[in-house]
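Just add 52 to wherever you are in the first sequence, counting from 1, and you've got this note's numbering.
Where is the CB? At the ideal position from N, CA and C, for every residue including glycine.
Since this is a predicted model, take the numbers as computed values, not measurements.
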Amino acid sequence: MEAVMNLNAPRGTRDILPEEAERRRALERAFADVCERYGFGEIRVPTFEHTELFVRGVGDASDIVRKEMYTFTDKGDRSLTLRPEGTAGVARAYVEQGMSSWPAPVKLWYNMNMFRYEKMQKGRYREFWQLGCEVFGSDSPQADAQVIGLLETFFRELGLGEVDLEINSIGCPQCRADYHKALRQYYAVYVEDMCEDCHDRFERNPLRMLDCKEPYCQSLAMKAPSQLDYLCDECKVHFDSVKSYLDEMEISYRLNSRLVRGLDYYTKTVFEFVSSHVGTQGTICGGGRYDGLVREIGGIDVPGVGFALGVERLLLELDAQNVPFGKAQSPDLFIASFPSTAANALDLAQTLIRSGLKVETDVMGRSLKAQFKAADRMEAHYVLVLGDTEVSISRGKLRRLSDGSEQDVPLTAVGTLLHDYRKKRSVAEKEEVRFEL
RNA sequence: GUGGAAUUAGCUCAGCUGGUUAGAGUGCCAGGUUGUGGCCCUGGAGGUCGUGGGUUCGACUCCCAUAUUCCACCCCA
Numbered sequence: 053m054e055a056v057m058n059l060n061a062p063r064g065t066r067d068i069l070p071e072e073a074e075r076r077r078a079l080e081r082a083f084a085d086v087c088e089r090y091g092f093g094e095i096r097v098p099t100f101e102h103t104e105l106f107v108r109g110v111g112d113a114s115d116i117v118r119k120e121m122y123t124f125t126d127k128g129d130r131s132l133t134l135r136p137e138g139t140a141g142v143a144r145a146y147v148e149q150g151m152s153s154w155p156a157p158v159k160l161w162y163n164m165n166m167f168r169y170e171k172m173q174k175g176r177y178r179e180f181w182q183l184g185c186e187v188f189g190s191d192s193p194q195a196d197a198q199v200i201g202l203l204e205t206f207f208r209e210l211g212l213g214e215v216d217l218e219i220n221s222i223g224c225p226q227c228r229a230d231y232h233k234a235l236r237q238y239y240a241v242y243v244e245d246m247c248e249d250c251h252d253r254f255e256r257n258p259l260r261m262l263d264c265k266e267p268y269c270q271s272l273a274m275k276a277p278s279q280l281d282y283l284c285d286e287c288k289v290h291f292d293s294v295k296s297y298l299d300e301m302e303i304s305y306r307l308n309s310r311l312v313r314g315l316d317y318y319t320k321t322v323f324e325f326v327s328s329h330v331g332t333q334g335t336i337c338g339g340g341r342y343d344g345l346v347r348e349i350g351g352i353d354v355p356g357v358g359f360a361l362g363v364e365r366l367l368l369e370l371d372a373q374n375v376p377f378g379k380a381q382s383p384d385l386f387i388a389s390f391p392s393t394a395a396n397a398l399d400l401a402q403t404l405i406r407s408g409l410k411v412e413t414d415v416m417g418r419s420l421k422a423q424f425k426a427a428d429r430m431e432a433h434y435v436l437v438l439g440d441t442e443v444s445i446s447r448g449k450l451r452r453l454s455d456g457s458e459q460d461v462p463l464t465a466v467g468t469l470l471h472d473y474r475k476k477r478s479v480a481e482k483e484e485v486r487f488e489l
């Protein structure tokens with residue numbers, strides 16, 4: 053009966069250790085910074101919402117709602133669901149907080165964890181993080197172009213290359229209905245011979261038949277009618293404008309008439325940033341316009357456009373492209389001490405750290421030699437040996453680990469010197485030149 | 001949800017067709033002069049071989065279950 057404790061993190065969840073946390077923090081900061089420059093404000097919404105919100109918002113035809121939600125009943129007998137995506141919750145907040153009376157457009161960004169009950173693969177987790185933006189209140193193609201522009205800026209500032217932008221328009225409910233009809237008409241004669249999944253898709257969501265991987269289905273998809281030919285005038289003009297704005301901003305994109313979104317709320321513009329490095333989960337970022345969403349969840353008729361960016365996939369991509377990003381900074385100084393000077397070391401470290409430096413001291417009672425090894429391992433820039441002599445004359449030798457050079461300095465000058473060194477380092481880094489001291 | 005592969009020291013992995021005290025590299029700790037790192041040398045700690053059953057004289061090696069990961073679908077960030 054006594055079961056052995058399962059020490060594994062639950063399937064699809066993971067521990068984020070300091071090294072990765074550091075990179076994430078850098079990523080999140082960069083994103084927040086770009087968003088603020090584009091005039092977006094941060095929003096944080098609850099981790100769980102009433103299940104009904106996602107069923108209505110994301111759509112009961114979507115896979116997310118049909119089989120991937122973490123739904124539970126609380127003690128008040130309410131059905132709640134851990135958010136599987138961000139937009140529905142943000143849209144709910146928009147309605148509940150009366151943001152429709154704010155000066156339009158309302159531009160929000162978020163950084164939140166999401167939960168989807170899915171089978172694991174690289175770059176696909178049951179708890180994962182998304183960075184996202186939403187623009188409420190503008191039906192202008194300028195808004196579509198601006199969120200894409202924001203992403204382009206973000207990727208550029210990260211130093212990320214080799215991600216492709218794909219765009220498409222899936223029209224509005226009216227012209228999409230026409231297109232669905234046309235698709236069904238086209239597929240009707242073949243459907244018997246198509247794969248099992250496509251039988252289901254034919255009934256539920258014919259758009260999906262277009263990106264089926266089965267050879268036969270794919271051959272049919274090649275000749276299937278294109279959504280773009282069925283766009284109504286308004287949707288067509290909108291899409292053309294989006295494209296021309298992108299052209300104007302010199303953002304390259306690939307038209308993909310078979311690009312579909314997994315969530316039901318999308319209208320008109322849809323887009324993805326894809327990479328070839330993340331395995332089958334090549335989509336790093338997905339987004340689009342969702343003009344019907346706010347009304348669908350019970351608000352007024354407000355247009356919206358936004359995107360969600362997968363943090364784990366972006367990190368994989370940064371790794372794959374060897375983008376140096378968010379590396380922890382090494383200590384400015386390691387203070388080596390002896391039992392008799394431990395207190396002095398702590399005190400000096402305290403002072404220097406308060407001045408803004410990163411300083412390490414030994415708390416393992418190690419030999420001097422071992423302290424040097426430790427300092428070397430953490431790539432400290434300098435080591436100061438603080439022994440009885442140094443304490444009594446208030447001077448010490450500051451040793452630079454990169455070349456072993458030492459200089460004799462008053463202890464009171466150490467802080468200033470190190471700040472000075474640090475400044476020179478950062479300047480050198482910026483100009484990508486070697487610096488001499 | 002479907003199909004397949006993997007799981008042995010902190011990490012990356014050996015371990016032949018089941019046979020005595022389970023290995024390497026790396027990392028970690030310590031020593032190689034009594035106050036000085038990176039190289040080198042030596043030593044040490046660390047594994048109930050994912051977990052639970054079963055077959056067997058005997059299982060890390062075979063069988064079953066379960067957990068986790070990975071791959072292909074599905075789908076998505």
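Can you tell me whether residue i is buried or exposed, with buried defined as 16 or more other CB within 10 angstroms of its CB?
| i | result |
| --- | --- |
| Asn58 | exposed |
| Tyr268 | exposed |
| Ala140 | buried |
| Pro383 | buried |
| Leu489 | In this predicted model, Leu489 has a pLDDT of only 43, less than 50, meaning its place in the structure is not dependable; the value taken from the coordinates is given anyway. Exposed. |
| Val279 | The sequence shown places Gln at residue 279, not Val. When all chains shown are included, Gln279 counts as buried. |
| Glu324 | buried |
| Ser131 | exposed |
| Lys320 | buried |
| Asp292 | exposed |
| Glu186 | buried |
| Thr413 | buried |
| Glu71 | exposed |
| Pro355 | buried |
| Glu442 | buried |
| Met164 | buried |
| Lys475 | exposed |
| Lys171 | exposed |
| Thr65 | exposed |
| Asp399 | exposed |
| Trp161 | buried |
| Asn220 | buried |
| Arg108 | buried |
| Ile445 | exposed |
| Glu88 | exposed |
| Gly338 | buried |
| Arg228 | buried |
| Ala422 | exposed |
| Ala61 | exposed |
Taking residue i and residue j to be in contact with their CB atoms under 8 Å, please state how far apart those CB atoms are, rounded to whole angstroms.
| i | j | result |
| --- | --- | --- |
| Ala427 | Val435 | 5 Å |
| Ser152 | Gly314 | Contact flag wrong, Cβ pair sits at about 27 Å. |
| Ala360 | Gly213 | That belief does not hold up - the Cβ atoms of Ala360 and Gly213 are roughly 22 Å apart, past 8 Å. |
| Val326 | Val147 | About 32 Å separates the two Cβ atoms, so there is no contact after all. |
| Ala372 | His329 | 3 Å |
| Val375 | Leu262 | At roughly 33 Å, the Cβ-Cβ gap does not stay under 8 Å, so Val375 and Leu262 are not in contact. |
| Arg178 | Phe167 | 6 Å |
| Val110 | Asp316 | 6 Å |
| Ala82 | Phe254 | The pair is not a contact, with the Cβ atoms about 44 Å apart (cut-off 8 Å). |
| Asp216 | Arg306 | 6 Å |
| Pro193 | Tyr318 | About 15 Å; that fails the 8 Å criterion. |
Note down, in chain order, each residue of its chain lying with its Cβ closer than 6 Å to the Cβ of residue i, except the 5 sequence neighbours on either side.
| i | result |
| --- | --- |
| Ile303 | Glu204 |
| Ser380 | Contrary to the premise, residue 380 reads as Ala rather than Ser in this sequence. Here the set comprises Glu74. |
| Thr272 | Going by the sequence as given, residue 272 is Leu instead of Thr. Excluding positions up to five away in sequence, the list reads Tyr242. |
| Ala145 | Val97 |
Please work out which residues of its chain come closer than 8 Å, Cβ to Cβ, to residue i, disregarding the five sequence neighbours upstream and downstream, and give them in chain order.
| i | result |
| --- | --- |
| Glu54 | Because the pLDDT of Glu54 is 45, which lies under 50, any placement of that residue in the model is unreliable, and the number read from its coordinates should be weighed accordingly. Closer than 8 Å at Cβ, skipping near neighbours: no residue. |
| Leu469 | Leu450, Val461 |
| Arg76 | Ile68, Trp181, Val363, Leu367, Gly378 |
| Ala78 | Phe377, Gly378 |
| Ala276 | Leu235, Tyr238, Tyr239, Met261, Leu262 |
So, for residue i: in the same chain, excluding its five sequence neighbours on each side, which residues have a beta-carbon less than 7 Å away from its beta-carbon?
| i | result |
| --- | --- |
| Ile387 | Ala397, Leu400, Ala401, Val411, Thr413, Leu436, Leu438 |
| Thr99 | Leu134, Arg135 |
| Pro258 | His232, Leu235, Arg236, Tyr239 |
| Glu458 | Lys449, Leu450, Arg451 |
| Ser392 | Asp440 |
Unbroken stretches of the beta strand (DSSP E), 3 residues or longer, contained in the stretch 92-131
Qualifying beta strand (DSSP E) stretches, in chain order: 100-102, 122-125.
Please give me, in chain order, every unbroken run of the beta strand (DSSP E) with length at least 3 that falls completely inside the stretch 439-468.
Within the stretch 439-468, the complete beta strand (DSSP E) runs of at least 3 residues are 447-452, 458-462.
Residue ranges of each beta strand (DSSP E) run of no fewer than 3 residues wholly in the stretch 163-250, ordered along the chain?
179-188, 216-221, all fully within the stretch 163-250.
Taking one C-beta from the stretch 272-287 and one from the stretch 220-227 each time, how about it: are there three or more such pairs within less than 8 Å?
Counting Cβ pairs under 8 Å, three or more are found: they touch.
Would you list, in sequence order, the uninterrupted alpha helix (DSSP H) runs of no fewer than 4 residues that lie entirely inside the stretch 353-399?
Those alpha helix (DSSP H) runs which fall completely within the stretch 353-399 and span 4+ residues are 363-372.
Is it a yes or a no for the stretch 333-342 touching the stretch 226-241, going by three-plus beta-carbon pairs under 8 Å?
In this structure the stretch 333-342 does not touch the stretch 226-241; the number of beta carbon pairs closer than 8 Å is below three.
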